[in-house]
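Single-structure report; data block below.
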Amino acid sequence: NNIAGNVKDISWWENSNGDASAWTHHTVDPDFANAHSVYPADFDGDQDIDILGSGTGRLNWWENSNGAGTVWQMRSIVTFTVGGHNTTAVAADVNGDGNTDVISSSYDDATLAWHENQDGVGGSWQTRVISDQLTAAGFITPIDLDADSDTDLLNINGRQIMWWENSGNGGSWTPHVVEQAPPDKTSISAADLDNDSDLDIVGVAPQQNSIFWWEANGAPENLPPPNPAPLLAEQPPIDLNPDNIYDLAAADLDNDGDQDLIASGYVYDYSPAANHQLVWLENIDPANNRFLIRTTYISIEAVDVFAADVDGDGRTDIISLGRNSLNWHENLGGAPPTFAYHTITNTLSTGTAVFAADLDGNGAIDIAIAERDINNKITWFQNNGSSAPAFTAHTVAAANYPLDIYAADANGDSNLDLITANYDDNAIVLYENDGSATPSFTARVIDNSAVRASGVYAADFDGDTDTDILAASRGDNTIAWYENDGAQPPGFTYRIITNTLSVPRKVQVTDLNHDGRLDVLATTGDSVMGDGEVLWFANDGAQPPGFAAHPIADTQNIDPVGIAVDFSGNGRPQIVVGSLDNYQNKRPGIQIGVNDGSAAPAFPLRPVLGMAKGSHDIQAADLDNDGDLDPIVATLYDGLNWYPQETMPARHFLIQPVSSASLTNHAVFPADLDGDGDTDFAAAAYADDTIAWYENDGNVPPAFASHVISDTAVTAKYVHVDDLDGDQDLDIIATLKNPNTLLWFANDGGSPPIFTSRVISDTIIGPRSVYTGDLDNDGDRDIVTASFGYDNAVAGAVYWFENDGATPPSFTPHTLVSPVAGAHGTFIADLDDDGNADILYTSVDGSVVWLENNGQPDPIFIPHSLELDLERPLFVKAADMDGDGDMDVLVSSRNDNTIAWYENTERPSPNKFVQRLITDRESKVMGIHPADIDGDNDPDLLVASINPGKVGWWRNQYAPWQIGGAAIAPAALNAGQSTAVLRLNVTHTGQPADLPHELAAIAFRLEDAAMQPVPDTAVSTILSEISLYLDDGSGNFEAGNDAQIATAVPVTATVTFTFAPNDPPVYLPPGQTRVYFVIATLSNNAHQQPWRDIRLTHLRQASQSRYAGYDNAPRLLPGADVSAGPIHILSPDGWETALYLPVLLKP
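Heads up: the sequence shown begins at 72 in the working numbering, then just goes up one per residue.
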């Protein structure tokens, strides 16, 4: 109930006299803030109706204390710490134990969960997540949809209507998609609408003013199959741009024996789940420093990270410290591992540093943190040591602006002490552990003149077996170490390593030059000065040791961070450098400096992450001539980059910057512009007003020389490459935004080529995408472009420019569509398979439209809408995504983070396109490009996202199937005899990562010797039985070993064996073949029938496969029917027989 604009009142109305003529209002709770839903049920088993309510961040129920509904007691079910905008909460017995459980959908954290009523009286609840990947999780209906006597769930989320099949006890759930991308469907229920004894689905769509329903076990013709298999599977990112890398950590997260890398920088997810992503790099090739990018969700901006086994399960977990919260990410194992997110506290002021160690000596990992601002203190969180650890907070001491923390046994008493750098105190402080079961810590100031102390570390620098302390202080530009004299309590002698650095930040200790001595790694930089440096100091081994400085790199980043990690396990650590603010400063997020093993390694840096800032356009070509496709990306902040693809030991991509001369590249297009056999590319640099081409030198790896074609191409937007003048070399076409210009650059074919600018039109208001094709079938290349318009004052349009074929050509403009609200993307493809080039375009009003070419010499283009409801669709492409021989459509939509493909389901025109959602979580997606990245002969999808910056790819996991075989029937067969007549080979032609298939149906037909069907009425007089057997692997039919999986009795003219889903004998893993035998049994009287020679033919086109667990079918590759026969029928004893007519003999 809404009171004074705030939803806070939960009430019920009593039907006072039973005929609905009078109602009495009763308040259940007058102050339940932001109430979202209510549901009546008996939660405590006392036979009266209680009330369930959901509000922001919590679920509660109210006990009907007196059974009359006038006295209520609120009870808690769960409080959400992440998001928790509960749109719906309902009740049902989920696990069949007789208790009423609760099911909830949570909008902000994209979660559908059920909450087990463990004690049956609503006093103890256990939350069990069904899915945490549902965009805008919404309405729920609990109901037994599959008639198996358990509670299933109907659910609407932002992009799907689904039902969740309960395994029986709520332990596992199988999702089934009823409809993808439901427009404005807000609530659903189930009932038997057609009286066929199963439950159908019914719902409402308010903005469409409509009520809709789905018939169970069937779909209306205008809907897609109820549960289509997902076409594309997201792969690890090619590149990712984490903002604000405050810290780095290394640990073996996947238990493969090598060190992986964790970054405290985050990637903001602009999708409805509203989470961040914590980034870690999986080390897949230790010898060569090759990584796969992995992410795990986190609700905060992490400022520090640490790795340790928090729950004692033998797997390394991640600890993240946010501004206001301390969290740990439970490593659940797997390959790669997944992580469960747990918040320890969310009441911090501003966290600055975290360290994990066993501070109380009980064998469990405790956590110590530093906080600045309001709290200004050091705290440690004591781990109770359970498998699901709980933490108790203990204050160590107050501290003024502590920036770093470390744990080590500094006083030799075998207890771990804490050491901090307190910025405002100018102090390095040791907190001595008293060794008790819940230790207290006594503060001891080591140095109170470390001006603006910022970093600490502890190690034995001088080899005397006690722990020295290393510190950095910004205010006096100093890195110093404090030599421990080993006494009790120890004394510390101050020794300066350097006092000439510019704002030192953090320090670490390791043996960098493999001489057995501990060296120092340091980073410098300041958010005001905007410059940073990474350097190391070599320990000379003297007593006391001296340190010689070795610069690694002037990173030109704000506040770089650096750690040393031995990724290769050879005792020679590499240097990892992260950038705090790489987005604004246009530097890689993470770089690795390789240790060459020399006495003074230089650690040359190469980027491994974070060159994707402002990724705008993406293409692919084999730039290094190694036989696979490499992505090429134009970014608004990081210049042009290409990503060489490597397949061993797993498919991954390196980062190779092409040029940073023009950082604001808007578009790129690959082609062999100089005709030398390798792939160059053209690019448009928006802010630099430049059109350039980049010449591939053909080396391995290639280098690219920049050639500026025009530096007066004001606000250059898009480029395309084609041979416009028919002279067998490739020209460049470009659009310029503010001069409203479409122009082309004629290639003279020279070596190197010279490009001459020619204006096609300067009256296109805000031109965007440009594409070419032969629209009028006259053999030359025409141009399509989109006009965005201007500031809502001038509408956009879509144009085509007709090439007259002259030398040089002229172009006649034709307006295709006007007005268009912000036309942007264009593409040309034959969408209806009629031999004519059709046009696709997008507009920011949410539309995707294809223009059907009628094929006339002066073509007319007929508009058809594919989509009207996206939020700023930009790029559109076409490719045969599902391998069925027609062109499907792909679209990226920036503001709703959506990528979708539209399946081409009819040919010829008019086509019907059905939307298949790929994702609605690709934050600020821009460029898309279909290309066969993995070399399996189907198009995958490359994706570029502008903010936060990502280059990714989605693998096409559809694969065709094949069925063939051979006749193995004997030439003759006795009546009543059984024999194997056909061997069928069913093959999944895909790769291991593709979706598995399962045989859905297989069909046969009985024919005569001339291959004509035997009449249906006669078939059973010839054949008494047909059976199908699965081969045991021998390749030969063996009745005692092969498994019979289907039988037809009696036999009809056409026999079709059908198989239920998840039937093991017909399951077909990717890339494998299964062999089946067809066994025919002749009737005892077969020899007496007119058909003495028969055939049994397998009908390929009537046989069906499906993706295992889904309803749609993979493509069947071309082939021929296999026929067994002719088989000559003999008598039961093997004699030739004849049909005799009675003859009357005269005496």
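Ideal Cβ positions, reconstructed from N, Cα and C, are used throughout, including at glycine.
Check	Outcome
Can you check whether the CB of Val865 is closer than 9 Å to the CB of Tyr912?	no
Please state whether DSSP places Val500 in a helix, a strand or coil.	strand
So Asn818 and Asp793 are in contact, right, with Cβ under 8 Å, and what is the actual spacing, rounded?	Not really, about 10 Å apart at Cβ, beyond 8 Å.
Tell me the residue span of the alpha helix (DSSP H) that contains Ser1091.	1087-1093
Going straight from the alpha carbon of Asp429 to that of Pro510, what length do you get?	11 Å
Measure the C-alpha to C-alpha separation of Leu205 and Asn548 and round it to an integer number of angstroms.	50 Å
What number of angstroms, rounded off, separates the C-alpha of Pro824 from the C-alpha of Asp743?	11 Å
How is the beta strand (DSSP E) around Asn770 delimited, first residue to last?	Neither: Asn770 is in no beta strand (DSSP E) and is coded neither H nor E.
May I ask you to report which of helix, strand or coil DSSP gives His1000?	strand
With H, G and I counted as helix, E and B as strand and the rest as coil, what does DSSP make of Val273?	strand
Does Ser62 pass the burial test, meaning 16 or more other C-beta atoms within 10 Å, or should it be called exposed?	Only positions 72 to 1218 of the chain appear in this structure, which leaves residue 62 out of reach.
Within 10 Å of its beta-carbon, does Ala1037 have 16 or more other beta-carbons around it, so buried, or fewer, so exposed?	exposed
Evaluate contact between the region 896-906 and the region 945-965, counting only Cβ atoms and requiring at least three cross-stretch pairs below 8 Å.	yes
If you check the beta carbons only, do Gln579 and Ile634 fall under 9 Å apart?	yes
Would you call Trp94 buried or exposed, if buried means 16 or more other Cβ atoms sit within 10 Å of its Cβ?	exposed
Of the residues Tyr1181, Asn1156, Pro1140, Ala1195, which one's Cα is nearest the Cα of Val1149?	Ala1195
Give me the Cα-Cα distance between Ala1114 and Asp1102, rounded to the nearest whole angstrom.	7 Å
Here's a check: name, in chain order, each residue in its chain whose Cβ is nearer than 7 Å to the Cβ of Phe638, leaving out the five neighbours to either side.	Asp329, Gln330, Asn354, Pro357, Asn360, Gln645
If you compare alpha carbons, which of Asp798, His97, Asp853, Leu807 is closest to Asp782?	Leu807
Which residue wins for smallest C-alpha separation from Ala160, given the options Leu225, Gly138, Arg722, Asp168?	Leu225
Whose C-beta lies closer than 7 Å to the C-beta of Met233 among residues of the same chain, with five residues either side of it excluded?	Asn226, Pro246, His247, Val248, Val249
To the nearest angstrom, how far is the alpha carbon of Pro1189 from that of Gln1033?	8 Å
Return the residue from the list Leu541, Asp695, Val527 that minimises the CA-CA distance to Asp533.	Leu541
Would you give the residue range spanned by the beta strand (DSSP E) that Phe283 belongs to?	281-285
Give the DSSP-derived three-state secondary structure of His1158 in the structure shown.	helix
Between the beta-carbon of Val665 and the beta-carbon of Asp688, is there less than 9 Å?	no
Compute the Euclidean distance between the alpha carbons of Ser1202 and Ala1046, then round it to the nearest angstrom.	5 Å
Spatial neighbours of Ser420 within its chain, please: CB distance less than 6 Å, with the 5 preceding and 5 following residues excluded, ordered by chain position.	Glu442, Asp444, Ile445, Asn446
Which residues does DSSP pair with Ala613 in a beta bridge?	Looking at the DSSP assignment, Ala613 forms no beta bridge with any residue, so it has no partner.
Ignoring anything shorter than 3 residues, give me the beta strand (DSSP E) runs that lie fully in the region 109-188, in order along the chain.	121-126, 129-135, 143-150, 157-163, 172-177, 182-188
Quick one: is Gly1106 buried, meaning 16 or more other Cβ sit within 10 Å of its Cβ, or exposed?	exposed
Buried or exposed: Asp1204, going by 16 or more other Cβ atoms within 10 Å of its Cβ?	exposed
Using C-beta distances below 6 Å, list every residue in its chain close to Leu813, excluding the 5 sequence neighbours before and after it, in chain order.	Thr806, Ile831, Ser832, Ile835, Pro838, Thr856
Could you check which residue in Pro1001, Asn266, Leu1167 has the C-alpha nearest to that of Pro1197?	Leu1167
I'd like the span of the beta strand (DSSP E) that includes Trp1258, first residue to last.	Examination of residue 1258 is not possible in this model, given that the chain is present from 72 through 1218 alone.
Return the CA-CA distance between Ala112 and Phe283, expressed in angstroms with no decimal places.	28 Å
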